[in-house]
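Below is one structure, written out as structure tokens, with a few remarks after it.
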Amino acid sequence: MKALIWAALLLGSAWSIPAPALNVFACEPEWGALTRELAGDAVTLDVATSALQDVHQIEAKPSLIAKMRRADLVVCSGAELEAGWLPQLIRQSGNSKVASGPGSFMATDQVVTLDKPSELDRAAGDVHPQGNPHVQLDPYRVLAIAKALAARLAQLDPGNAAVYTQRLADFSTRWQAAIPNWEARAAPLKGRKVVVHHASWVYLLTWLGVEQIGTLEPKPGVPPTSGHLAGLIEITKAQSALAILSAAYQDPKAGEWLAERTGVPALVLPFTVGGDDQAKDLFGLYDATLDRLLGALK
Amino acid sequence: MLRKPLLLLTLLPALAVGAAPSADPRFDALDARIAALEANAQVLRDQAAAAQAEAAAARAELQQMRAEQSQSKVAAVAAPAPAMSASNANGNAFNPAISMILTGQYAHHSLDPENYQRSGFPLVGEGGPGEQGLKLGESEISLSANIDDKFYGQMTLAFGSEDGETEVGIEEAYIDTLALPGGLSLRAGRFFSNIGYLNSHHAHTDAFVDRPLAYQDFVGNQSGADGAQLPWVAPPDLYVELGGELLRGDNYPSGGADNDGVGVQTAFAHLGGDVGIENSWLAGISVLRSDAVAAEDGFSGEQTLYLADATWKWAPRGNTKDGGVTLRGEYFFDDRDGVYVDAAVPELVQAWRGQRRGAYLEGVYRINRSWDTGYRYDRLWADQDGPQASDHDPVRNSLMLTWRNSEFSLLRLQYSRDEPNADDSDNAIYLQYQATLGAHGAHKF
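Chains A and B supply the protein sequences, listed in that same order. All residue numbers for the first sequence refer to the numbering used here, where the first residue is 4 and numbers rise by one. All residue numbers for the second sequence refer to the numbering used here, where the first residue is 10 and numbers rise by one.
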């Protein structure tokens, strides 16, 4: 009899094992890192891309369909950054939970975007009608997104709501303590000028008060051409630019070509978590970015 | 003479302050100096006003920047999404996404397409060498949108011209369910069957100008039909998609909707995954069963078509649009058990029992975002006996070079050497353009 009760208890405890953790599908490493900050091990996390990939140009590959199949929440940039692959993944996986509603979390929907084009014409390159989607390098926006994401996690997984609330409080404290430090360190960058590979730095530059004087791409999404690069030599020299910025995933050749002819250093910034050894998490990403930029001052 | 009194009149107020009116030229000089000083004062006043305006503008800008900054700081808990505002105001907000494909080509064949014969494989559907010279390709318009919370709909219309007449065809028109549980979805309407690899892909995503010979001969270029499709994606980490279709079977290879209009059944399984971050693969097996009645190639009876497909993509860092290699092969096995009726001699009915096979292997090297080049080997194995018996097995080799200005436009040059029968060979050169307009499409792997 006793054995039976024990068996029943065991069975009962087996049943009461907490419901399988929330499955989160993050499109980009920065949102994967933010999810980790806010959820720790309370969720199962799949990150679809790496810092060395161009997220504009991912393919809807089978491994991603399999991951999407089990997702309860999709955390992506939005603003059409993933237009070429995310809708296909969702449709092919047959997972309607994440197509819209609470299962779909777009970072750019939580904040005001910059660079909204006043005119939509593909002759202007690959423009994003809802504004520039690369919002991860403005700490204030990241904080706003973190708060919204924590709320969403709690909504989908009320059992762990306390975990998300507590971790958000912890993250906010550390993040808000870090911001003044970053701003103090970055003060000498204010008013300086940079040439960028793709217009993916607008939030960082606006935050730091750095001016963008040119792009290596003649138009967004169009690879640099030698004619266009030659045209940049004069302006880069004349305005005594601080640096030429590329992201870790971009081909550094174009930036190096211009650096050689102008003496202005070509910097490769991590752009997202995992973009270099230092950018292991969101804090490291900001530290690494500022280190590289300040390094160009010397 | 008249000028002087006038001048005096105008000078009067200024001079009134000074000495009595006089014709002394010194007064004129003094007066000019006063006027100059006054003008000077005005300029200074203007400058001061301009400076003040500038200062005010700067103050306003500063205030706006402060407001923006505090807004972005406060945006902290900001209400979600100002993202969709203006565009929702008009009645077009719920219009479907519209995209359009434009394509055209120039083809030169050394063998007149009119005299082209593929031994063992009568030309069917849209299969065949195509036409000589300049030609508009199929122009497509595709509309798609979520219908409501449970359904998604898409229609693709194809416009082509046949002997100077414009033809409009419904290439696809289907609805998909969005809310079935457990990785299931159901598609109903007209669609491209999910058998093999290329069949469910639109021709504008192909790497070559034309479809492989096996596709031309076994499914008439691309198998599209009215029916229903039920795919299921399995839960594990490995991508596993299983499914089946029930199709009407009007078109080749069936021809004539037999069995109350459900004469064709298919089943398919696709597996896929990654090896590291630089390699991805997809493989599948499929089968199509049809009860054909007077199909385009003269066949009536039972046909079973088996397909095996495999795709391997390698790209440095997984950036497939910037470089890498795609290898793909598909194998077809066509088993017939029925009769053959020659359209020219309907009285003569022959038994048609036998097997034919076909395959292609292609490799595409992506040099960079703008350029790719590829090679394709096509092969067919004809039946040894029966009405389509042939000793010659058709072979074709193709080379292509593609230049993309952006992801929305491309130019393609292709050379093919085709040996369709024992006596003929066809050297063909194609120059093709292709453009995508409108909504940003999301393509299958």
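For glycine and all other residues, C-beta sits at the position ideal for the given N, C-alpha and C.
Task: Test: N328(B) CB closer than 8 Å to a CB of chain A - done: yes
- [ ] Taking a Cβ distance cut-off of 9 Å, strictly less, list which residues of the stretch 396–412 of chain B are near chain A, in chain order.
- [x] none
- [ ] From the DSSP output, in three-state form, read off Q274(B) for me.
- [x] strand
Task: Reduced DSSP category for S81(B) - H, G, I as helix; E, B as strand; rest coil - done: Legend: pLDDT at S81(B) = 48, less than 50; position of this residue unreliable, no value from coordinates given.
Task: Nearest residue (CA-CA) to A431(B), options R405(B), G307(B), S415(B), L420(B) - done: R405(B)
Task: the stretch 222–233 of chain B / the stretch 120–137 of chain B touching (three or more Cβ pairs under 8 Å) - done: yes
TODO: Give a yes or no on whether 8 Å exceeds the smallest Cβ distance from Q60(A) to chain B.
DONE: yes
TODO: Measure from the alpha carbon of G333(B) to the alpha carbon of each residue in V358(B), D381(B), A360(B), G367(B), then state which is nearest.
DONE: D381(B)
- [ ] Classify A168(A) as helix, strand or coil using the three-state DSSP reduction.
- [x] Residue 168(A) is actually Thr in this sequence, not Ala. Three-state DSSP puts T168(A) in a helix.
Open item on the list: What would DSSP say about N406(B), mapped onto helix, strand or coil?
Closed with: strand
Open item on the list: Taking the alpha carbon of D433(B) as the reference point, which residue from H118(B), Q441(B), Q393(B) has its own alpha carbon closest?
Closed with: H118(B)
Open item on the list: What does the alpha-carbon distance come out to for the pair E311(B) and S151(B)?
Closed with: 35 Å
Open item on the list: Please state the DSSP three-state secondary structure of G447(B).
Closed with: strand
Task: 8 Å Cβ cutoff, Q158(A) in contact with chain B - done: no
- [ ] Using a Cβ cut-off of 8 Å (strictly closer), state whether L193(B) contacts chain C.
- [x] Looking for chain C here will not work: the only protein chains present are A and B.
Open item on the list: Quick check on K301(A): does DSSP put it in helix, strand or coil?
Closed with: coil
TODO: Flag this pair as touching only if the stretch 98–115 of chain A and the stretch 268–282 of chain B have three or more C-beta atom pairs under 8 Å; answer yes or no.
DONE: no
Task: Limits of the unbroken alpha helix (DSSP H) element including L156(A) - done: 142–159
- [ ] In angstroms with no decimal places, state the Cα-to-Cα distance between F286(A) and W178(A).
- [x] 8 Å
Task: Inter-stretch contact (C-beta, 8 Å, three-pair minimum) for the stretch 140–157 of chain B and the stretch 386–394 of chain B - done: no
TODO: May I ask you to report which of helix, strand or coil DSSP gives Y125(B)?
DONE: coil
TODO: Please confirm whether P429(B) and Y125(B) have their CB atoms less than 8 Å apart.
DONE: yes
TODO: Report yes or no: do the stretch 267–285 of chain A and the stretch 127–136 of chain A share at least 3 C-beta pairs separated by less than 8 Å?
DONE: no
Open item on the list: With a threshold of 8 Å between beta-carbons, can F160(B) be considered close to chain A, or not?
Closed with: no
Task: Sufficient close CB pairs (3 or more, under 8 Å) joining the stretch 222–233 of chain A to the stretch 244–252 of chain A - done: no
Open item on the list: Under 8 Å, Cβ to Cβ, is there at least one residue of chain B near E83(A)?
Closed with: yes
Task: Contacting positions in the stretch 270–290 of chain B - beta carbon closer than 9 Å to chain A - done: H279, L280, G281, G282, D283, I286, S289, W290
- [ ] Enumerate in chain order the residues of its own chain whose CB-to-CB distance from L293(A) is below 7 Å, with the five nearest sequence positions on each side excluded.
- [x] W185, R188, A189
Open item on the list: What residue range does the beta strand (DSSP E) around Y115(B) cover?
Closed with: 106–118
Open item on the list: Relative to the C-alpha of D402(B), which candidate in R127(B), Q56(B), I43(B), N101(B) has its C-alpha closest?
Closed with: R127(B)
Open item on the list: Quick test of the definition: if touching needs 3 or more C-beta pairs under 8 Å, does the stretch 239–257 of chain B touch the stretch 69–81 of chain A?
Closed with: yes
Open item on the list: Can you confirm whether R170(A), when its beta carbon is compared against all beta carbons of chain B, has any partner nearer than 8 Å?
Closed with: no
Task: Beta-carbon contacts of G450(B) that lie in its chain and below 7 Å, excluding the five residues immediately before and after - done: S108
Open item on the list: Please report the distance separating the alpha-carbon of E263(A) from that of A269(A).
Closed with: 9 Å
- [ ] Have a look at L261(A) and A299(A) and give me their C-alpha separation to the nearest angstrom.
- [x] 15 Å
Task: D300(B) versus R421(B): straight-line alpha-carbon distance, rounded - done: 39 Å
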